[in-house]
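Protein chains: 2
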Amino acid sequence: MKAKKTRTRRGRPLKEDGADDKQQRILDSAEERFSVHGFDGVTIRDVAAGAGVDTALLHYYFETKKGLFDAVFRRRAEILNRMRIESLNAYEQKFGSKVTVEGAVAAFTDPLFDLAAQGDVRWKHYFALLAQVNNTPVWGGKTMARYFDPVIQRLIEIVRIALPTASAADLYWSYHFLSGALTLTLSQTGRIDRLSDGVCRSSDFRAVHERMAPFIAAGFHAVCGGKKRK
Amino acid sequence: MKAKKTRTRRGRPLKEDGADDKQQRILDSAEERFSVHGFDGVTIRDVAAGAGVDTALLHYYFETKKGLFDAVFRRRAEILNRMRIESLNAYEQKFGSKVTVEGAVAAFTDPLFDLAAQGDVRWKHYFALLAQVNNTPVWGGKTMARYFDPVIQRLIEIVRIALPTASAADLYWSYHFLSGALTLTLSQTGRIDRLSDGVCRSSDFRAVHERMAPFIAAGFHAVCGGKKRK
DNA sequence: GTCTATAACTGGATAGAC
DNA sequence: GTCTATCCAGTTATAGAC
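As given, the protein sequences belong to chains A and B, one line each in that order.
Its first residue numbered 1250, the first sequence is counted upward by one per residue in the numbering used here.
Its first residue numbered 1250, the second sequence is counted upward by one per residue in the numbering used here.
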């Protein structure tokens, strides 16, 4: 249904239509539902129905509901991390000591916006899921940290080149604002559509894309001492 | 059923120990639990236990679980709205045509930070709840809009004085970033504590307070055309 | 691997006593 | 107003057939 169709070839453990296909369909179904209703708002039954399988199969693959959630979270986190690390590395390699805050922020966010703009709904679901987890007390912070702290530290490393005199506290708080802004954008609540009476649309990632890096970079400079503006 | 106990008296509704006291305890208990676990993560039974009453009483006052949630949300929303509108009005009255973006943003956020700094845990719970709702798909956007759009429009009105040439889209997207940054801060996930290895603390609202307005104001200027920086 | 059937339990909600 | 007692729909999870 989702179609991935790794037709029989070589190398890779050939996972054509059988087992693994269903496993992915379960993950897709779960991803969509978790992203909309949160962990507690979703039932195993509904996930199973969405994937066209029985609930027992979910337990067979993922043992518990929590296990399923973790698998959903992990699947794309790993892909995303690779892309972002690569993007940041490439950016630094290209500009060396002449990196800018805006460039670094763009390198950090571009992979997300590219994926979103590409139109694969499953990535959109995943982003909405991230947004929720990022704002979830108790386990949300831990979960995010576990997977995403390395990329963030890498971003801050690069920003430090552009802002060598900035204090650690200023840098981390600035990142925090970036994280919040990014997260709300990814959560796609339709909030801004109503608020702006249709002038802006949540789904318009291009509009966000062109504004986010300049906005955030200016904030970094204002807080971290660059060219003061206060 | 909404119960408000229109006791015969006048002036202060005198709420000693009786009914209204329990009603408030229920709301406090619910507020705390919803803010931590979200709507679906909380049981009526647990709320009742936390308030030291029976579940039947919650139904007596609030009819349904959703009714309880709405009552929790509304209670402080109204107080908050009054404070923020007053703060924004006072700011504009004082500065007239000489308002700044930074000043307007500060007038918008100060009431929140003041309440948070004041140390009342119930307000902290409420803020965490707002953060979750703001990032909740489906009904989150609607709920936020219903209560908070007027204050936001008021903020934007004032920002417009400082940035008369800004486009509506730029203004709304900038507000969107502000909203995300503010929201994540209020959600108190402890995320930044870990990330910064203790340099920053989620609970340190003073640290956020002094950085937020300059950061956001610089962003507004960068995006809305003030003094370009790109 | 996948499904059927069901166990074991939890949740929101209500009728009715006090 | 407040609680006791209870209903019953819906939940996760598993044993066991195919």
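Ideal Cβ placement from N, Cα and C applies to all residues, glycine included.
Cutoff 9 Å: Asn-1330 of chain A Cβ touching any chain B Cβ: As a position in the first sequence, residue 1330 of chain A is number 81, starting the count at 1. It does not: the Cβ of Asn-1330 of chain A has no partner Cβ on chain B nearer than 9 Å.
Completely contained alpha helix (DSSP H) runs for the region 1373 to 1450 of chain B, where each covers 4 or more residues: For the alpha helix (DSSP H) assignment, the uninterrupted runs of no fewer than 4 residues enclosed by the region 1373 to 1450 of chain B are, from N- to C-terminal side, 1388 to 1411, 1417 to 1436, 1440 to 1444.
Rounded separation between His-1374 of chain B and Tyr-1424 of chain B - CA only: Here residue 1374 of chain B corresponds to residue number 125 of the second sequence, with the count starting at 1. Here residue 1424 of chain B corresponds to residue number 175 of the second sequence, with the count starting at 1. Taking the straight line joining both Cα atoms gives about 24 Å.
Under 9 Å between C-beta atoms of Arg-1455 of chain B and Phe-1362 of chain B: As a working note, residue 1455 of chain B is residue 206 in the second sequence. As a working note, residue 1362 of chain B is residue 113 in the second sequence. Yes, these two residues count as a Cβ contact at 9 Å.
Cβ distance (whole Å) where Gln-1381 of chain B is taken to contact Ser-1436 of chain B below 8 Å: Along the second sequence, one-based indexing puts residue 1381 of chain B at 132. Along the second sequence, one-based indexing puts residue 1436 of chain B at 187. The beta carbons of Gln-1381 of chain B and Ser-1436 of chain B sit about 7 Å from each other, so the pair counts as a contact at 8 Å.
Sufficient close CB pairs (3 or more, under 8 Å) joining the region 1385 to 1392 of chain A to the region 1274 to 1293 of chain B: These segments touch.
Contacts that Tyr-1421 of chain A makes with chain B (C-beta to C-beta distance below 7 Å): The sequence position of residue 1421 of chain A within the first sequence is 172, counting from 1. Those are Ile-1441, Leu-1444, Ser-1445, Val-1448, Cys-1449, listed as they occur along chain B.
Bounding residues of the alpha helix (DSSP H) (the contiguous stretch that carries Thr-1292 of chain B): Locating residue 1292 of chain B in the second sequence gives position 43, counting from the first residue. In the DSSP annotation of this structure, Thr-1292 of chain B is not part of any alpha helix (DSSP H), being labelled neither H nor E.
Interface flag, Ile-1334 of chain B vs chain A, CB-CB below 9 Å: For this step, residue 1334 of chain B is matched to residue 85 along the second sequence. Not closer than 9 Å to any Cβ of chain A, the Cβ of Ile-1334 of chain B fails to qualify, so no.
Exposure of Ala-1300 of chain A, with buried meaning 16 or more beta-carbon neighbours within 10 Å: Within the first sequence, the letter at position 51 stands for residue 1300 of chain A. Buried.
Rounded C-alpha distance that separates Ser-1278 of chain B from Tyr-1396 of chain B: Within the second sequence, residue 1278 of chain B is the residue found at index 29, counting from 1. Within the second sequence, residue 1396 of chain B is the residue found at index 147, counting from 1. Distance from the CA of Ser-1278 of chain B to the CA of Tyr-1396 of chain B, rounded to the nearest whole angstrom, comes to 22 Å.
Span separating the alpha-carbon of Phe-1232 of chain A from that of Thr-1438 of chain A: This structure cannot speak to residue 1232 of chain A, because chain A is shown only from 1250 to 1479.
Straight-line Cα distance separating Gln-1272 of chain A from Tyr-1310 of chain A: Here residue 1310 of chain A corresponds to residue number 61 of the first sequence, with the count starting at 1. Here residue 1272 of chain A corresponds to residue number 23 of the first sequence, with the count starting at 1. Their backbone Cα atoms lie some 7 Å apart in a straight line.
Reduced DSSP category for Pro-1360 of chain B - H, G, I as helix; E, B as strand; rest coil: Numbered from its first residue, the second sequence carries residue 1360 of chain B at position 111. It is helical.
Glu-1281 of chain B - containing alpha helix (DSSP H), residue span: As a working mapping, residue 1281 of chain B is identified with position 32 in the second sequence. Per DSSP, the unbroken alpha helix (DSSP H) holding Glu-1281 of chain B starts and ends at 1268 to 1286.
Neighbour flag for Pro-1463 of chain B against chain A, beta carbons, 9 Å: Against the second sequence, residue 1463 of chain B aligns to sequence position 214. So, interface residue.
Stretch pair the region 1405 to 1414 of chain B + the region 1465 to 1475 of chain B: three plus CB contacts closer than 8 Å: A contact exists between the region 1405 to 1414 of chain B and the region 1465 to 1475 of chain B.
Beta-carbon contacts of Val-1291 of chain A that lie in its chain and below 7 Å, excluding the five residues immediately before and after: To locate residue 1291 of chain A, count along the first sequence from 1; it is residue 42. Arg-1282, Phe-1283.
Status (buried if at least 16 other CB within 10 Å, exposed otherwise) for Asp-1446 of chain B: Taking the second sequence and counting its residues from 1, one reaches residue 1446 of chain B at position 197. Its Cβ having fewer than 16 others within 10 Å, Asp-1446 of chain B is exposed.
Three-way DSSP call (helix, strand, coil) for Gly-1368 of chain B in this model: The residue labelled residue 1368 of chain B in the question sits at position 119 within the second sequence. In this structure, Gly-1368 of chain B counts as coil in the three-state DSSP scheme.
Lys-1444 of chain B and Ala-1305 of chain A closer than 9 Å at C-beta: Counted from its first residue, the second sequence places residue 1444 of chain B at position 195. Counted from its first residue, the first sequence places residue 1305 of chain A at position 56. Residue identity check: residue 1444 of chain B is Leu in the sequence provided, not Lys. No.
Coil, strand or helix - Gly-1352 of chain B by DSSP: Here the question's residue 1352 of chain B lines up with position 103 in the second sequence. Helix, per DSSP.
Nearest-angstrom Cα separation, counted from Met-1461 of chain B out to Phe-1426 of chain A: Stepping through the first sequence from its first residue, residue 1426 of chain A is reached at position 177. Stepping through the second sequence from its first residue, residue 1461 of chain B is reached at position 212. The alpha-carbon atoms of Phe-1426 of chain A and Met-1461 of chain B are separated by roughly 8 Å.
Three-way DSSP call (helix, strand, coil) for Tyr-1459 of chain A in this model: Here the question's residue 1459 of chain A lines up with position 210 in the first sequence. The sequence shown places Glu at residue 1459 of chain A, rather than the Tyr named in the question. Helix.
Reference Asp-1369 of chain B; option with closest CA among B:Glu-1280, B:Glu-1459, B:Asp-1270, B:Asp-1419: Against the second sequence, residue 1369 of chain B aligns to sequence position 120. Residue B:Glu-1280 is the option with its Cα nearest to Asp-1369 of chain B.
DSSP state of Tyr-1340 of chain A mapped onto helix, strand, coil: Here residue 1340 of chain A refers to the residue found at position 91 of the first sequence. DSSP, read as helix, strand or coil, puts Tyr-1340 of chain A in helix.
Distance between beta carbons of Ala-1415 of chain B and Gly-1474 of chain B, contact taken as under 8 Å: Against the second sequence, residue 1474 of chain B aligns to sequence position 225. Against the second sequence, residue 1415 of chain B aligns to sequence position 166. About 6 Å separates the beta carbon of Gly-1474 of chain B from that of Ala-1415 of chain B, a gap short enough to meet the 8 Å contact definition.
Proximity below 9 Å, CB of Ala-1366 of chain B to CB of His-1458 of chain B: Within the second sequence, residue 1366 of chain B is the residue found at index 117, counting from 1. Within the second sequence, residue 1458 of chain B is the residue found at index 209, counting from 1. Yes, Cβ-Cβ distance for Ala-1366 of chain B and His-1458 of chain B is below 9 Å.
Separation of Val-1348 of chain A from Leu-1404 of chain A, as counted between CA atoms: Counting from 1 along the first sequence, the entry for residue 1404 of chain A is found at position 155. Counting from 1 along the first sequence, the entry for residue 1348 of chain A is found at position 99. Roughly 11 Å separates the two Cα atoms.
Pairwise C-alpha distance: Asp-1269 of chain A and Leu-1263 of chain A: Taking the first sequence and counting its residues from 1, one reaches residue 1263 of chain A at position 14. Taking the first sequence and counting its residues from 1, one reaches residue 1269 of chain A at position 20. In this prediction, Leu-1263 of chain A scores a pLDDT of 45, lower than 50, which makes its location untrustworthy; no coordinate-derived value is stated.
Backbone CA spacing between Glu-1312 of chain A and Asn-1338 of chain B [nearest angstrom]: Sequence index remark: in the first sequence, residue 1312 of chain A carries index 63 (1-based). Sequence index remark: in the second sequence, residue 1338 of chain B carries index 89 (1-based). The C-alpha of Asn-1338 of chain B is placed about 56 Å away from the C-alpha of Glu-1312 of chain A.
Selection from B:Glu-1351, B:Leu-1378, B:His-1308, B:Phe-1344 that minimises the alpha carbon distance to Arg-1324 of chain B: As a working mapping, residue 1324 of chain B is identified with position 75 in the second sequence. Checked all of B:Glu-1351, B:Leu-1378, B:His-1308, B:Phe-1344; the closest Cα to Arg-1324 of chain B is B:Leu-1378.
Residues of its chain near Asp-1359 of chain A, where Cβ-Cβ distance is below 7 Å and the 5 sequence neighbours each way are ignored: The count along the first sequence starts at 1 and reaches residue 1359 of chain A at position 110. Excluding residues within five positions, the ones whose Cβ falls inside 7 Å are Ser-1336.
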